[in-house]
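Everything on this sheet refers to the single structure shown next.
Residue numbers (the numbering used here): 38 to 869.
The following block contains the structure:
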């Protein structure tokens, strides 16, 4: 930020600030004009940027970051804020705050517009600028790009870095109802409004209403579409603003769900271009519609009107929920950091430089309501229809509660009986899998009367045996812990160092209410974890859950598998709802305790893992960790610095990353997350930041997750096969070459069969000729033996064989290194 000009005095007349919500924070932009110290003439203008975040304890918005930037130092130029919004920057693939400024010289004839982007540290970066001969006043909208759209003299213009110049939309609309993006995968930008044909324009205003028709325009494709797919043509003259809830393209056109506010105090629900429901609004002149997703409490629409009026309408019942007047600004975001949306209603104009909001309400019309002033909570009043429905609902619930008390008592008695049976069944099953003899309960404990005379002492003995405590924990088990990860329960059993040979065949299971199957187990070193669904366990949370460790074989129990009782775990729905069992590592990355290691194991066990090989031919990948730690705002875990954890305030579910650089141009990235949707979103952001020449290949399991012994055996087998097949191929090529060229006789010798001038049956062979022939055959055989033992092979083929064998041997060496790290050799004792 630049320093203010020397000798300047701040003006007491500050412009009203522009507010913007971004990632749960509030950004405030305000120009402060400085005056010359000796007079009233304007000397310059400074832009104050303030970032505030809501604090639950104080119920206020303390200032996190604040700074000032000198925008204009000349008194001949005036600077104003036009508007601000948060849109997607396609260069980085992230949503960034944008601010549009307007500059004009006092003697100039044109207006200069500058689009600035705001970073996380409140620094301003110029992104786009253009000049116009007129002032932007109507239908100003920011879309992804960032792209700026506005309307002047009935024509819609747009400008972005990708376009490079101000371009008009070849579509004339008499009124514009919506400029935004379709909620599709490609996020198509559309313009929607009404149009009056010049041939049908008449003097009668009522006739003009029926002559209007709805029309839409795809900005990327430059193609018009029939607006009747979204709204009927009859509503074209009365709709003032609308909100697209869902849209789907098909062969017939566009199927959409829309809510639209009309000039007749109506909120209309449209599906497939037809009205389905109507809600009467309490105010006139609607201006904007926002949707607030409150999670389990449902969704509602927040409609802002002129003259500072705001009302909310439930999406399900489509009835008015609350009304406010005297509202300065309406913002929707997760201000309290609970993972769902809330509406922020500001009642002051926020005109003091650097001042935080002092009169506001944060509410989701449910469990979350924060007010800056207790007296202002009276403004959170419902409409009359809502109050009537509330009274009727309470009366119905009271009658149902009274009529159901007797049934609840009967169910409670039945539940106690079922719990007793379940406990006995669990005890019998534990004895069965552990190999112990199970003692049946006595007739008196079961509430039965015997028809014969039984010995009381035998019954007492059976009861004592039945109620005997389970045996002590074996020495291989050190600790049993559990964590809750969203809708999953992770249970871990930490083993001693002596149990390392047993990990290969270890797994976990739970003994709970009948009908619950054992979860699958995973293996970290010296810790066995199991993951299961949380909902069935919460249904029977009053029962303790036994944890069993299954071993295929054990030194103290030869001859078969063994199931050892490790302990009990209990779940309380209150602790789960309050987040007591949630890993603390999600909120504090600096933890290095043993509990932090357990949290990391829980994250790895509850997440699905994908491994990708990333490479680029002309760019290095040294900045991959910096991109994860910078643009995505992830942090390294001190308990295990190889892992990088995402920001929990940005994402609903955590993501873990593990980056390993192979060469300056290639590397492997392992992603741990829940669901393919989150993975695809991350890969989309990753592809946007990588150079155009990058490539990403999905791999199988990580090398660390494979059995090191099996990996080494497979590598040795591949090395032996490659050596055998390579040598055989070389010899086959050499033999084929010799056969093609032909060995012939030894050089300097002659074949007596082919060099004679007379047939053999005419001239008898002499002893000298016979000796000469035998010598030639012996020489030829010796040459064949020499070439067979030392064959002449092709140089290029031999070089390729050596390179392939070197690569296979390198993989074998890596597998052997992994085996040594996983199974270190014991240190020999020193001799006495």
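Note that CB positions come from ideal geometry on N, CA and C, so glycine has one too.
The C-beta separation of residue 276 from residue 299 comes to about 6 angstroms, placing the pair in contact by the 8 angstroms criterion. Residue 399 sits close to residue 372, with the two beta carbons spaced by under 9 angstroms. As DSSP reads the structure, residue 296 sits in a beta bridge with 280 and 306. Judged by DSSP secondary structure, residue 662 falls within the alpha helix (DSSP H) whose first and last residues are 661–667. The Cβ atoms of residue 316 and residue 355 sit closer than 9 angstroms to each other.
Its Cα nearest to that of residue 93, the residue 374 stands out among 227, 374 and 302. Judged by DSSP secondary structure, residue 719 falls within the alpha helix (DSSP H) whose first and last residues are 713–726. CA-CA distance, residue 445 to residue 474, rounds to 38 angstroms.
If the five residues before and after residue 90 are omitted, its C-beta is found closer than 6 angstroms to the C-beta atoms of 62 and 101, all from its own chain and listed in chain order.
Secondary structure at residue 359: strand, using DSSP grouped into helix, strand and coil. Inter-residue distance for residue 455 and residue 638 is about 35 angstroms (C-alpha atoms, whole angstroms). Straight across, the Cα-Cα distance linking residue 519 with residue 718 is about 30 angstroms. For residue 635, the enclosing alpha helix (DSSP H) has its first and last residue at 631–643. Going by C-alpha positions, residue 730 is about 22 angstroms away from residue 708. Beyond the five residues adjoining it in sequence on each side, residue 127 comes within less than 8 angstroms, by CB distance, of 181, 182, 199 and 725 in the same chain, given in chain order. Short of 7 angstroms from the beta carbon of residue 352, and not among the five residues preceding or following it, lie these beta carbons of its own chain, in chain order: 335, 336, 337 and 338. Within 10 angstroms of the beta-carbon of residue 163 lie fewer than 16 other beta-carbons, which makes it exposed. In the DSSP assignment, residue 531 falls within the beta strand (DSSP E) that extends over 525–532. Only buried fits residue 855, as 16 or more other CB atoms lie within 10 angstroms of its CB. For residue 614, the enclosing alpha helix (DSSP H) starts and ends at 610–615. Residue 380 sits in a strand when the DSSP states are folded into three classes. The stretch 700–707 makes contact with the stretch 648–657, as at least three CB pairs between them are under 8 angstroms. Across the structure, residue 695 and residue 675 are spaced so that their CA atoms are roughly 14 angstroms apart.
A contact is defined here as three or more CB-CB pairs under 8 angstroms, and the stretch 653–672 fails this definition with respect to the stretch 617–625. In the assembly as shown, residue 533 is an exposed residue. Its beta-carbon has fewer than 16 other beta-carbons within 10 Å.
Residue 149: member of the beta strand (DSSP E) spanning 148–155, first to last residue. Partner residues in the beta bridge of residue 650, as assigned by DSSP, are 705 and 734. Within the same chain, 251, 276, 295, 297, 307 and 310 come within 7 angstroms of residue 268 by CB-CB distance, once the 5 residues on both sides are set aside. Residue nearest to residue 401 within the set 573, 750, 460 and 329 is 329 (criterion: CA-CA distance).
Around residue 257, the same chain offers 225 and 226 as residues with beta carbons nearer than 7 angstroms, after the five sequence neighbours per side are excluded. Residue 184 sits buried, since 16 or more C-beta atoms from the chains shown fall within 10 Å of its C-beta. Measuring C-alpha to C-alpha distances from residue 207 to each of 763, 109 and 191 identifies 191 as the nearest.
By the criterion of a C-beta distance shorter than 6 angstroms, residue 249 is surrounded in its chain by 231, 233, 273 and 274, once the five residues flanking it on both sides are discounted.
The C-alpha of residue 217 is placed about 30 angstroms away from the C-alpha of residue 403. When DSSP states are grouped into helix, strand and coil, residue 132 belongs to the strand group. For the stretch 148–206, the full-length beta strand (DSSP E) segments reaching 3 residues or more read 148–155, 161–169, 175–180, 184–189 and 192–196 along the chain.
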